[in-house]
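Numbering (the numbering used here), first residue to last: 401 to 767.
By construction, the Cβ of each residue, glycine as well, lies at the ideal position given by its N, Cα and C atoms.
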């Protein structure tokens, strides 16, 4: 795909996401407060962040969703979790501690469509009033009427991602089951028009495309269409993650530490920043190191629960999190079963191949 020279391209999420920045105006004249907060992400990448509170938190405002996308984690385990919205009491606990600790960023969704929560706009306003300066939302845009768009902008959203994944109704209907392609596109364009009318140029607007067999032929058309829409800042392509890997126990869960070291001795290196820069709190109050789906057989990955007397700070500084951070710092991610499932889902068919990458390279170098 050829992009204009003014477009900035960058890789992310272990090269799983490709972003094309069409319009960087959202980042003009950032405040010192914003730059200081973003520098913490760079520290996390360098493994040098030593803060005792998350850099950002992913908040599951709602576990309701109006679509049934077949590639979504919530569809692969339909029925295991209770449907519901985050309670006002739980939200207040999060907000009170976040205000006290100086949290600067929240992503206001996780495995649901947050716009289904009738108190969502109030939550965004309260987050802004608490001193949170970066407030994100991912939405499938089907509920995004002009009235809702205006309320979102007025409430304090600073970044929004529209999950679309298609350029034709036929493809959209396969991937975004229950959605309306024409309505979603119109809603996004209406949002962009309102953004421009309100001169909310600080608000980063992004459209995303999860690349999979059913839609990969539409990548170029998706890029070409959205790069011409005024108000769009970024276009993102993400390789699909095989979430089915999380639905069964890890195949290496019975191996000893010594056996794990032997099996993964020559594996491709990997270091994850998510335990440092983006922890998750779901509608039930569970605090989790990262955004990967937790199931019954991986509940030990949960750090604590805010409804049971834990705090965010106690969870992210407890023994479980310290052990996880230590493993990643030493390059021993494979000693955590959830991390093994994660790498299996991200690397897919290449997962087992990556175990012998170094060995193959060494052999070639010696030849």
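Here the alpha carbon of residue 582 sits roughly 13 Å from the alpha carbon of residue 565. DSSP, reduced to helix, strand and coil, places residue 471 outside both helices and strands of the structure shown, so it counts as coil. In the structure shown, the three-state DSSP call for residue 539 is strand.
The distance from the Cβ of residue 558 to that of residue 602 is about 7 Å, consistent with a contact at the 8 Å cut-off. The alpha-carbon separation between residue 695 and residue 646 amounts to approximately 7 Å. One Cα belongs to residue 715, the other to residue 704, and the distance between them is close to 6 Å.
A distance below 8 Å separates the beta carbons of residue 680 and residue 458. Residue pairing by DSSP places residue 485 opposite 462 in a beta bridge. Under DSSP, residue 608 takes part in a beta bridge, and its partners are 563 and 636. Rounded to the nearest whole angstrom, the CA to CA distance from residue 452 to residue 697 is 28 Å. Assigned with DSSP and collapsed to three states, residue 624 falls in helix. The alpha-carbon of residue 722 is positioned some 24 Å away from that of residue 496.
Residue 623 and residue 661 have their C-alpha atoms spaced approximately 43 Å apart. C-alpha of residue 548 to C-alpha of residue 562: approximately 14 Å in a straight line. Positions of the beta strand (DSSP E) runs, each at least 3 residues long and wholly inside the region 666-705, are given as 679-681 and 686-688 in order along the chain. Burial check for residue 448: the Cβ neighbour count within 10 Å stays below 16, so the residue is exposed. No Cβ-Cβ contact shorter than 8 Å links residue 728 with residue 678. The Cβ-Cβ distance between residue 615 and residue 571 falls below 8 Å.
Sorting 651, 667 and 592 by C-alpha distance to the C-alpha of residue 423 places 592 at the top.
Residue 533 carries a coil assignment under DSSP once its states are collapsed to helix, strand and coil. According to DSSP, residue 507 shares a beta bridge with 458 and 536. With the rule of 3 Cβ pairs closer than 8 Å, the region 499-516 counts as touching the region 458-468.
For residue 734, no alpha helix (DSSP H) segment is defined, and its DSSP state is neither H nor E. If you compare the alpha carbons of 568, 542, 523 and 443 with that of residue 507, the shortest gap goes to 523. In this chain, residue 425 is not harboured by any beta strand (DSSP E), its DSSP state being neither H nor E. Judged by DSSP secondary structure, residue 594 falls within the alpha helix (DSSP H) whose first and last residues are 581-597. At a Cβ-Cβ threshold of 8 Å, residue 632 and residue 607 count as neighbours. For residue 435, the enclosing alpha helix (DSSP H) begins and ends at 432-445. By the Cβ-count criterion, residue 485 is buried, with 16 or more other Cβ atoms from all chains shown falling within 10 Å of its own Cβ. The Cβ atoms of residue 468 and residue 643 lie no closer than 8 Å to each other. With a 10 Å radius around the Cβ and a threshold of 16 neighbouring Cβ atoms, residue 529 comes out exposed. Within the same chain, 463 and 464 come within 7 Å of residue 483 by CB-CB distance, once the 5 residues on both sides are set aside.
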